[in-house]
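In what follows, a structure is listed as structure tokens, so that the remarks can point back to it.
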Amino acid sequence: MAELTFYTNPQSRGQIIRWMLEEVGAPYETVVLDYATTLKGAEYLAINPMGKVPAIVHDGKVVTECAAICAYLADAFPEAGLAPPVNDRAEYYRWLFFAAGPVEAAFTNKALKVEVSPEQQRMVGYGTFETAIHAVEKMLEGRAYVTGSFSAADLYLGSELGFMMRFGMLQAGPATTAYVERLTSRDAYKRAAEIDAAAAKELAPAE
Numbered sequence: 001m002a003e004l005t006f007y008t009n010p011q012s013r014g015q016i017i018r019w020m021l022e023e024v025g026a027p028y029e030t031v032v033l034d035y036a037t038t039l040k041g042a043e044y045l046a047i048n049p050m051g052k053v054p055a056i057v058h059d060g061k062v063v064t065e066c067a068a069i070c071a072y073l074a075d076a077f078p079e080a081g082l083a084p085p086v087n088d089r090a091e092y093y094r095w096l097f098f099a100a101g102p103v104e105a106a107f108t109n110k111a112l113k114v115e116v117s118p119e120q121q122r123m124v125g126y127g128t129f130e131t132a133i134h135a136v137e138k139m140l141e142g143r144a145y146v147t148g149s150f151s152a153a154d155l156y157l158g159s160e161l162g163f164m165m166r167f168g169m170l171q172a173g174p175a176t177t178a179y180v181e182r183l184t185s186r187d188a189y190k191r192a193a194e195i196d197a198a199a200a201k202e203l204a205p206a207e
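According to the UniProt record's numbering, the sequence shown is numbered sequentially starting from 1.
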């Protein structure tokens, strides 16, 4: 049996990978790290020198970065059906990494209240927040998923969109709203959310 260890904090982007692992269905061990202590400890820094979560170790191999972990797990566990056939992955790769690049950068800068001037828009991969989101919403019109069926690209993109909607950073159109609702109704998403909620409760300081 393959050894798979998941390093996370339940109040982090690790929620994306928890969901992915629940979709994969393979057994895994969870190591919950605390922001104030173990996340910056020597043991974890030996795995990820950035001191960031999530990360996985699978059969002794370290993978970090959410999109990379999603792509890796989809390939490592093909029986879960989370990636299209290799010769049909153009849209899959395009939107998985569009979410990890332009969308991630756009919403991070928006959260930090970083204003990009018109002159600077050519220097940033997303142009403007509105441009990046419009591209996603245009893609989602008339389709249930990025490809013909649910994949790791949907899981990652849907996680990003859902986060922004939950915190009032995105006033989503009908197609995007329906897309996120479709994804978050999945059993694996609900299991992952319950697990992380319980883990966050355990980490919370006693009152």
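We put the CB at the ideal spot given by N, CA and C, even for glycine.
Sixteen is the threshold: when 16 or more other Cβ atoms of the shown chains lie within 10 Å of the Cβ of Gly158, as they do, the residue is buried. Ranked by how close their Cα comes to the Cα of Leu183, the residues Glu194, Leu203, Phe150 have Phe150 in first place. Secondary structure of Leu4 (DSSP, three-state): strand. The continuous alpha helix (DSSP H) containing Ala132 extends over residues 129 to 140. Rounded to whole angstroms, the separation of the alpha carbons of Pro102 and Thr108 is 10 Å. Judged by their CB atoms, Ile17 and Ile47 are not nearer to each other than the 9 Å cut-off. Looking at the DSSP output, Ile195 bridges to nothing. Met123 and Ala132 have their C-alpha atoms spaced approximately 14 Å apart. A contact between stretches requires three or more CB pairs, one per stretch, nearer than 8 Å, and the region 29 to 43 fails this requirement with the region 89 to 96. At the C-beta level, Ala188 and Trp19 come within 9 Å of one another.
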